Structures are given as structure tokens and as C-alpha cells.
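Q: Residues 41 to 256 in this note's numbering are what the sequence shown lists, from first letter to last. The C-beta atom is built at its ideal place from N, Cα and C for all residues, glycine as well. Predicted model, so just to flag it, every value in this text is computed and none were measured. Please find one structure pasted underneath; my questions will follow.
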Amino acid sequence: MTTRRHGRVAPTHHELVEVQRQLRIAQKGEHVLERRRDGLVFALLDLLDRWRAVRERADGEYRRAARLHALGAAREGDIALRALAEARATRPELLLDETKLFGLRVPIFLSRNVSTWFEERGYGVVGTSALDDELAAAYESLLESVVTLAELRAVLAVVLAEVRRLRIRVNYLTHRLIPELESERRYIRRYLEEREQEERYRYLWLKRRREERRDA
Numbered sequence: 041m042t043t044r045r046h047g048r049v050a051p052t053h054h055e056l057v058e059v060q061r062q063l064r065i066a067q068k069g070e071h072v073l074e075r076r077r078d079g080l081v082f083a084l085l086d087l088l089d090r091w092r093a094v095r096e097r098a099d100g101e102y103r104r105a106a107r108l109h110a111l112g113a114a115r116e117g118d119i120a121l122r123a124l125a126e127a128r129a130t131r132p133e134l135l136l137d138e139t140k141l142f143g144l145r146v147p148i149f150l151s152r153n154v155s156t157w158f159e160e161r162g163y164g165v166v167g168t169s170a171l172d173d174e175l176a177a178a179y180e181s182l183l184e185s186v187v188t189l190a191e192l193r194a195v196l197a198v199v200l201a202e203v204r205r206l207r208i209r210v211n212y213l214t215h216r217l218i219p220e221l222e223s224e225r226r227y228i229r230r231y232l233e234e235r236e237q238e239e240r241y242r243y244l245w246l247k248r249r250r251e252e253r254r255d256a
């Protein structure tokens, strides 16, 4: 690390080499972080497009399920629909796991026993109608979309947090650390150049004095 004195580094050749080394590292880090940030931004936009598409699909599925539910309630009654739901032989399950995406640990939502076959719904053919099957399938499809939406939202949160973190680091490098190192480099170079000129002037002055003495 550089030795700072009153906000400045010690103006020596050793410190100049050290500042230049730190500047190269900072510039390289800035380039790497910018590329990763930009890549994650494109990935974030892609995830947002997928989220919007699933959201639109879920909205449509919700409207269809609500319409079928209202129709079934008017035809068979809410009690009958509730009995159909309670007769289901299996219950939906949600499993949580993690995976790597763009080098980040993101969650995975796995659903089980959501979409089922007719015989797994627990009710028989007698006493039910095709509307009941449509309603059950509509709710199952909606639930699958909701799970997908929740997973995409969780992944978006992770990627967005990483983009913000990288933006802060890039801004720090671009607007603070790199300009500060460049300023220190200019300061040391100017100081060394001035000292070199002074030494050259003193050398010439001493040389002229020796020549004058020799001539005298």
C-alpha cells in the first residue's frame, strides 16, 4: 500500500511504481466488473421478459378459473365444489433447492402433485360433470404458473441485488479510486520532474563554478 502524507503519497520512485501498479489493477478490475455488470443486466432483462410472459399467462388462467368457478358455483353450489376439492387424493408440494446461474446461487422452486390425472382427483364420474374437470385443471394450471412466478421473482431479486452491488463497485472505481490514483501519479511525476530539474540546474551551476575556478 502507498504511504499517504496529508492526503498525498510520498513522492518517491518507489511510490510511483506502486501507484502505477494499483492503477493498472483498478482499471483491469473496472473493466472486468463492467463486463459482468452488463452481462447481468442483459440477463435481468431476459428474466423480466419471461416474468411478464408468465404473469400474463397466469392472469389469463386466473380469469378462466374464476369464470369456471362462478359458473360451477351457480350450477352446483359452493358446497359441492368444496367437496370436490377435499376429495383430492394428493396434495400439492413445494420443494426448495438452489443452483448456480451466471455464477450466482439462485433458488429453485419444484412443485409436485399439482397437475394430476383424472383418477388422482378423488372424485368419480358419477355426480360430476365436464365442468368440474375443467375447473380442476384450470386451478392446477394456475398453481403451476404461480410457482413459476415465485421462482422467477426470487431469481430476479438475486440478480438485481448483484447488479446493484456491481454498479456501486464500478462507480467507486470509476469516479473515486481511479481518479485518485491518477491524481497521485501526476503529483509524484510532477514532483520528481521538478526535483530532477533542480538537480540538473544545481549540477550545471556547480560545473560552471568549477570551470570559473579553474580559469581563475
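Have a look at I228, V81 and D255 and flag the residue whose alpha-carbon is nearest the alpha-carbon of H53.
A: I228
Q: Taking a contact to mean a Cβ-Cβ separation below 9 Å, would you say L144 touches V81 in this structure?
A: no
Q: Output the boundary residues of the alpha helix (DSSP H) element that contains P219.
A: I218 to D255
Q: State the beta-bridge partners of T52 as determined by DSSP.
A: In the DSSP output, where bridge partners are listed per residue, T52 has none listed.
Q: What is the rounded straight-line gap between the Cα of P51 and the Cα of G69?
A: 25 Å
Q: My output table needs one value for R152: the three-state DSSP class, helix, strand or coil.
A: strand
Q: By the three-class DSSP mapping on this structure, what secondary structure does R95 have?
A: helix
Q: On the premise that L63 lies in contact with I208, defined as a C-beta separation below 8 Å, what is that separation, rounded to the nearest angstrom?
A: Not really, about 20 Å apart at Cβ, beyond 8 Å.
Q: For the beta strand (DSSP E) containing T139, list its first residue and its last residue.
A: E133 to L141
Q: Please list, in chain order, all residues of the same chain as L134 whose beta carbon is under 7 Å from its beta carbon, the five residues on each side excluded.
A: F149, S151 and V187
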